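Report on one structure; see the data block that follows.
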Amino acid sequence: MSSIDTLTGFPNRFGCLQMAEQLSSDAVVSGQPYAILWIDMDRFKQVNESFGHMGGDEVIKSLAIRFRTRMGGRAELCRMGADEFVLLVPRCDRDQAQRLATELCSTIEEPIAVGNLVLHPTASIGIAIFELGEGSLELLERADRAMLAAKTKGGQGVVCSGDEPIPGRLGVTLAREELAVENSLHFALENGGLCLHYQPIIHAHGHIEAVEALMRCSVNGESIPPGKFIPVAEKTGLIIRLGEWCLLQGAMHARRLFDAGYDTKVAINVSRAQLISPKFTQALHAALICSNAQPGQIELELTESLFMDVSDHVQRNLKNALAAGVRLAIDDFGTGYSCLANLKDIPAGKLKLDRAFVTVLPEDRRALSVVRAMTQLGHELGMTIVAEGCERQEEIDALLEVGVDAIQGYFYARPMPEEQLLPWLQQRSAT
Amino acid sequence: MMNEQNQGPSAVDDLFERTLLDVGIPPCPVVLDRFMAEVRKDEPDYTRLANIIGSDVSLSAGLIKTANSPYFGVRQRVRSVNEALTILGLNTASRAVAGIILRKTFPNVPNLERFWDASARVARLSGWLAQQLEIRGLRAEDAYTFGLFRDCGIPVLLGRFPGYQAVLDRANHDAQVSFTEVEEEAIPTNHAMVGCILAQSWWLPEEICRAIRSHHDLRALTQAGSDLPMLSRRLIAIAQLAEHILQHQLGLSQTQEWCKLGEACMQLLDMEEARLEALYGEATPIVSSDE
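Residue numbers (this note's numbering), protein chains in the order written: chain B, 249 to 679; chain C, 139 to 429.
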């Protein structure tokens, strides 16, 4: 069986496999990986249709010459089929392979003259790096799949094997690592792996202003940080469920506090995805109905940008929330595109200053001036001012001095599970 | 096998009863009686007891949520009553049911006869249909669970809004406007949303929660860009088909849902009219069965 492609003089499919076998055994001996780059020309069928197969062959030949010139012996070149090439690159890791692929893309994208027309070719490239114990055929297949993923993304691009987006359980395509997080998230949602911890917010006069509900997620005893599961939840749409779960659990907790004789407010974070949804109002009412909570005991925390979102759904949802009797608070104020002038239009009763202002106190006098100004303005607008992330007495002294109403932070209390909160509240009211 | 006197209530019992209270839907008194009658026998029939519990929305939800709670540590996720019973044990379940009756956990139970009866029947027939139609990826147990919990928002709303029964009647008879839109004209939410929020808190799979949320939403079922997972759509279709067959065969409580959603459901289940005609007859034993 011939192992050479007659048009380009490159090894064909059969020759490619033989060379891959050789490189695999070399890699095992040397301990250095090698890479396979699978190149597939985009829309090549149209080239054949427009210029005939002879024209197509001319394009392939000129591409082959470009590859040979560019690689200059750095890689073995093979032709796998009509418009598919494979590069076998010895002693090459993932980063090197990615750089090489980028280099190849620019080589491919130089215009080619066919007759008196000019063609602008592009290609999709898949990369796979040899792994110990893997067969050569498997490795080639991985490179092929990565190439197909690049093609599915619209072509003219590079995808490394392992990074191909795979459809997750809810039909949204995700990278491998995200897929693992999605699985954990489903497991947590179906096995009681979520819970809320509550962090008290202490008023300057000593009473408890509110408790903020903070979501915790754990799978098989291992906790997953929000920074990891929130982005995946946002991508898959599970964020809505997480937010609604919080809403109901927070409201049920408020009811239990009420039944135990505390009218402490429970602050619940609301995500952008929830608030832009036309179903938010229904979900809020459903949570209030199922929990039987006093609406006035529920406080929704939203970032400033959400309040300023002028879309119909958001404005209607905010209006409906107020009409339902729940309170609104501006979370993380002072970061992002905060605008003091906007405050007058925001229907919130509470302003939470971002921790970024707190950690530099009391030394940073300019930060303190900003806090003082925001506090005064907030008070003028009838808002309660809360400072987040307070850990030191000096910070708290400075904040109270400029008129901040309430303090949240490790200095007073860390977030705690529900079963610890009630004893904590009882002990506090006893003293 | 049942020896309640010798065993004091355990932490699990407390957990189960608290969970039932959180579920917020009273169990059906007839089911409670039927369950206790079986438990009191010298040799209670385990399968029969499981079936009795499985026919009640409240008890099933309570059992599944309890079995899925972190109290039981790392286990396989539970999505049906049978699986939940295996984990909790029949003793616990029986003690809990006895406790509910004794302590009158749910006083002033509104008249939910129709709701209890309909959910149990829809669940049973949905499970059977899932087996008959052999749709890839659709488990009969999921179809049963969905059928049972699909309308669990209704008793909650009946307990909260005095005029809600009249709203339900209007929604049932409206041939144009979707069921939930009719509800929203009168109350600030709808039973599908309430049901979904509850199911989420019972740790049910996302596909079942989404199906509960959208089970009257024709657009979510048919639109090309709909983000409703395919499994959720098929669950909705199968339960709607079950409801239709029940109404067709029993001729009671006719609703307009099949007129509004039937065509979409048939497409989702890849079914021809002839197959439906045949199913009317084949389903008779399930339709007329009481448990």
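Even for Gly, the Cβ is constructed at its ideal location relative to N, Cα and C. These numbers were taken from a predicted model, which means no experiment stands behind them.
Q: Whole angstroms is fine: what's the gap from A312/B's alpha carbon to T256/B's?
A: Roughly 6 Å separates the two Cα atoms.
Q.
Quick check: is the beta carbon of M331/C nearer than 9 Å to any beta carbon in chain B?
A. yes
**Q.** Reduced DSSP category for K401/B - H, G, I as helix; E, B as strand; rest coil
**A.** coil
Q. Exposed or buried, I414/B, counting other C-beta atoms within 10 Å across all chains shown (16 or more means buried)?
A. exposed
Q: Measure the C-alpha to C-alpha separation of I326/B and E412/B and round it to an integer number of angstroms.
A: Note that residue 326/B corresponds to Cys in the displayed sequence, not to Ile. When rounded, the distance between both Cα atoms is 24 Å.
Q) Is the distance from the Cβ of S200/B to the Cβ of I487/B below 9 Å? A) Beyond the ends of chain B as shown, which are 249 and 679, falls residue 200/B; an answer cannot be given.
Q) Can you list the alpha helix (DSSP H) stretches of 4 or more residues lying completely in the region 157-235 of chain C, in chain order? A) 167-177, 184-192, 195-206 and 219-226
Q) Just by C-beta distance, which residues in the region 317-329 of chain C are closer than 7 Å to chain B? A) Taking 7 Å as the Cβ-Cβ cut-off against chain B, the residues of the region 317-329 of chain C that qualify are P326, T327 and N328.
Q) Hey, A635/B and V606/B: beta-carbon distance below 9 Å or not? A) yes
Q) By Cβ distance below 7 Å, which residues in the same chain neighbour D511/B in space, the five residues on each side in sequence not counted? A) Q545
Q | DSSP state of I456/B mapped onto helix, strand, coil | A | strand
Q: Say whether chain C places a C-beta atom closer than 9 Å to the C-beta of I537/B.
A: yes
Q | Complete runs of the beta strand (DSSP E) confined to the region 498-530 of chain B [at least 3 residues] | A | Here the runs fully enclosed are 513-517.
Q) Looking at C-alpha atoms only, which residue of D288/B, K527/B, T679/B and L648/B is the closest neighbour of A397/B? A) D288/B
Q: Give the straight-line distance between the Cα atoms of L367/B and E297/B, rounded to the nearest whole angstrom.
A: Their backbone Cα atoms lie some 13 Å apart in a straight line.
Q. Buried or exposed: where does V212/C fall if 16 or more other Cβ atoms within 10 Å of its Cβ makes it buried?
A. Because V212/C sits at a pLDDT of 47, beneath the cut-off of 50, its placement in the model cannot be relied upon, and the following sentence gives the value as read from the coordinates. Its Cβ having fewer than 16 others within 10 Å, V212/C is exposed.
Q. Helix, strand or coil: which one does DSSP assign to H451/B?
A. strand
Q) Is there a Cβ from chain B that is less than 9 Å from the Cβ of V121/C? A) Residue 121/C lies beyond the residue range present for chain C, which begins at 139 and ends at 429; the question has no answer from this structure.
Q. Which residues in chain B sit within 8 Å of Q338/C, going by Cβ to Cβ distance?
A. L437, R489, E492, W493 and L496
Q) For Q530/B, which residues in chain C fall below 8 Å Cβ to Cβ? A) E322, P326, T327, N328 and M331
Q. Short check: CB of Q266/B to CB of S251/B, under 9 Å?
A. Result yes, Cβ atoms of Q266/B and S251/B sit closer than 9 Å.
Q) Which same chain residues, not among the five before or five after A345/B, have their C-beta less than 6 Å away from its C-beta? A) A283 and I375
Q) Do we get a CB-CB distance below 9 Å when we pair G419/B with the residues of chain C? A) yes
**Q.** C-alpha gap between Q143/C and E322/C, whole angstroms
**A.** With a pLDDT of only 36 at Q143/C, under the threshold of 50, the placement of this residue in the model should not be trusted; the figure read from the coordinates follows. Across the structure, Q143/C and E322/C are spaced so that their CA atoms are roughly 49 Å apart.
(Q) Using 9 Å as the threshold, is the C-beta distance between L369/C and Q270/C below it? (A) no
(Q) For the beta strand (DSSP E) containing D645/B, name the first residue and the last one. (A) Where D645/B is concerned, there is no enclosing beta strand (DSSP E), although the alpha helix (DSSP H) it sits in stretches over Q641 to E649.
Q: Spell out a yes or no on whether the region 187-203 of chain C and the region 214-221 of chain C are touching, meaning 3 or more CB-CB pairs, one atom from each, closer than 8 Å.
A: yes
Q. Mind pulling the chain C residues with CB within less than 7 Å of K483/B?
A. Neighbours of K483/B on chain C: none; closest Cβ ~12 Å, over 7 Å.
Q: Taking 9 Å as the cut-off, decide whether the C-beta atoms of F114/C and D289/C are in contact.
A: No answer is possible for residue 114/C: the residues shown for chain C start at 139 and end at 429.
**Q.** DSSP three-state assignment for H301/B, whether helix, strand or coil
**A.** Helix at H301/B.
Q. In the DSSP assignment, what residue or residues form a beta bridge with I360/B?
A. According to the DSSP secondary-structure assignment, I360/B is paired through a beta bridge with L367/B.
Q) Checking contacts by CB at 9 Å: is D152/C closer than that to chain B? A) no
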